[in-house]
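Read top to bottom, the protein sequences are chains A and B.
No gaps in the numbering here: position 113 of the first sequence is 113 in my numbering, and each next residue is one more.
No gaps in the numbering here: position 33 of the second sequence is 1033 in my numbering, and each next residue is one more.
Every residue gets a Cβ at the ideal spot worked out from N, C-alpha and C, and that includes glycine.
None of these values were measured; they are calculated from a predicted model.
These notes concern the structure reproduced below.
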Amino acid sequence: MPPDEVVSRHFEALGTTCSLFGAGLAPQSLERGEAWVRSLHARLTRFEPDSELSRLNAAAGAWFPVSDELEELLRESLRAWELSGGLVNVAVLPALRGIGYERPLRMGTPGGVEVAAPVALRPLPEVLEVAPGRARLEPGAGLDLGGLAKGWMADRLAERLGENALANLGGDLCARGAGPAGEGWPVDFAGVTVMLREQGAATSSTRKRAWQMGVQRVHHLIDPRTGAPADSDLTQASVVASSAARAEVFAKAALLLGSAAATPYLAGRCQAWWLG
Amino acid sequence: MQALVLKAGATALTILAALGSATYVSGHVKNGSAPLHPAVLSAQAAGGQLILTPSVHTADVEAVTSTHAS
């Protein structure tokens, strides 16, 4: 059987490059996929004061009505916290503000501010309550859904695109179906081409989204145990798991754990990993 | 007399089964140096440690995309 023709679409969204692929799909499917990403981004970004997430953050201390998508993502965040033993904690916004990360880095790196004294994050279930159709944050708490949203969206988007599609949202990707030639979707993974089907992959890194504050180099990956940018002997972790959301959680947790603890943590949870 | 023979037979059978089991188990102790299951492929790649379990297949084809830091 000849391979299905692959259609693709590339665009900038979520502060990164996104790529959608489909085998045997109409190009319009990918256009609708892009529109869905942009729509979700507008609601889930913390950088726009009118976004749904920003309004939830601003309403800390009171119950706030949330959409189905945000509710699902908040529940996914609580699962991620459990899966990672507390290492993936989306209530990281105050810590990010403490290092001056107040706006998208494409608008310039933070400067002219001192690093605030870090404070360990409280467990996510203590600061975030989710009920059907509404959510509540403890006063002073704030969420940045960041990479977790990308992984979650990649999973949902691959499903929306069709039975044989791949959604890559800034390195968090979900491959669905048998790919163009029936052997899976060929994905570059640490320089090796792996064939993914019904699988996700993600990379967590401190090599990007990093900047200098005085003599101190800071980056966006906060360690919830300290509230400060992670101090790990690893600078990058890539993972293949059962979904993009899971891969995102495991990659971030591995990076925070460091090389000695990462391998036993990943074994049994992931299908492939690269630590560097 | 018949009951005694039956009891002795049952006892002998039990002892034989126990001895046989003990002999089998002693000859099949856990091998600490046995390979991992599932076997994993470990290699140095791109300046780091790459681990691939059997559920991930590699191929000599061009990738359409990659997982990367963003």
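Exercise. List in chain order: all unbroken beta strand (DSSP E) runs of 3+ residues lying wholly within the region 80 to 144 of chain A.
Key: As far as the region 80 to 144 of chain A is concerned, its whole beta strand (DSSP E) runs of at least 3 residues are 128 to 131 and 134 to 137.
Quiz prompt | Nearest candidate by alpha-carbon position, reference A:Gly22, set B:Ala1043, B:Ser1021, B:Val1064 and B:Ala1069 | solution = Of the residues B:Ala1043, B:Ser1021, B:Val1064 and B:Ala1069, the one whose Cα lies closest to the Cα of A:Gly22 is B:Val1064.
Quiz item: chain A partners of B:Gln1049, CB-CB under 9 angstroms?
Solution: Ser259, Thr263, Trp273, Trp274, Leu275 and Gly276
Practice problem: Using only alpha-carbon positions, find the residue among A:Leu74, A:Leu30 and A:Gly170 that is nearest to A:Arg136. | Solution: A:Leu74
Quiz prompt | Per DSSP, the bridge partner or partners of B:Met1001 | solution = Answer is none; B:Met1001 lacks a bridge partner.
Exercise. For A:Ser243, name the three-state secondary structure that DSSP assigns.
Key: coil
Exercise. List the residues of chain A that B:His953 touches, going by C-beta distances under 7 angstroms, in chain order.
Key: Residue coverage of chain B in this structure runs from 1001 to 1070, which leaves residue 953 of chain B outside it and unanswerable.
Quiz item: For A:Trp211 and chain B, any beta-carbon pair shorter than 9 angstroms?
Solution: no
Exercise. Look at A:Ser77 and A:Leu40 and say whether their C-beta atoms are less than 9 angstroms apart.
Key: no
Quiz item: Using 8 angstroms as the Cβ pair cut-off and three pairs as the minimum, do the region 19 to 37 of chain A and the region 86 to 106 of chain A touch?
Solution: Here the region 19 to 37 of chain A makes no contact with the region 86 to 106 of chain A; the two share fewer than three CB pairs at distances below 8 angstroms.
Quiz prompt | Beta-carbon neighbours of B:Ala1045, restricted to chain A and to distances below 7 angstroms | solution = Ala190, Gly191, Val192 and Trp274
Quiz item: Nearest chain B C-beta to A:Trp185 closer than 9 angstroms, yes or no?
Solution: yes
Practice problem: Using 10 angstroms around the beta-carbon of A:Asn168, count the other beta-carbons present and answer buried if the total reaches 16, otherwise exposed. | Solution: buried
Quiz item: Short check: CB of A:Glu138 to CB of A:Glu126, under 9 angstroms?
Solution: yes
Quiz item: CB A:Leu124 to CB A:Gly151, shorter than 9 angstroms?
Solution: no
Quiz item: Under 9 angstroms between the Cβ atoms of A:Cys270 and A:Ala245?
Solution: no
Quiz item: chain A beta carbons: is any one of them nearer than 9 angstroms to that of B:Ala1063?
Solution: yes
Practice problem: Check whether the Cβ atoms of A:Thr235 and A:Thr206 sit closer than 9 angstroms, and answer yes or no. | Solution: Cβ atoms of A:Thr235 and A:Thr206: closer than 9 angstroms.
Self-check item: Through-space distance from B:Ala1008 to B:Val1056, alpha-carbon basis
Solution: 59 angstroms
Quiz item: Quick one: does A:Thr226 have its CB under 9 angstroms from some CB of chain B?
Solution: It does not; no Cβ of chain B falls within 9 angstroms.
Exercise. Would you mind stating whether A:Leu275 and B:Gly1048 have Cβ atoms separated by less than 9 angstroms?
Key: yes
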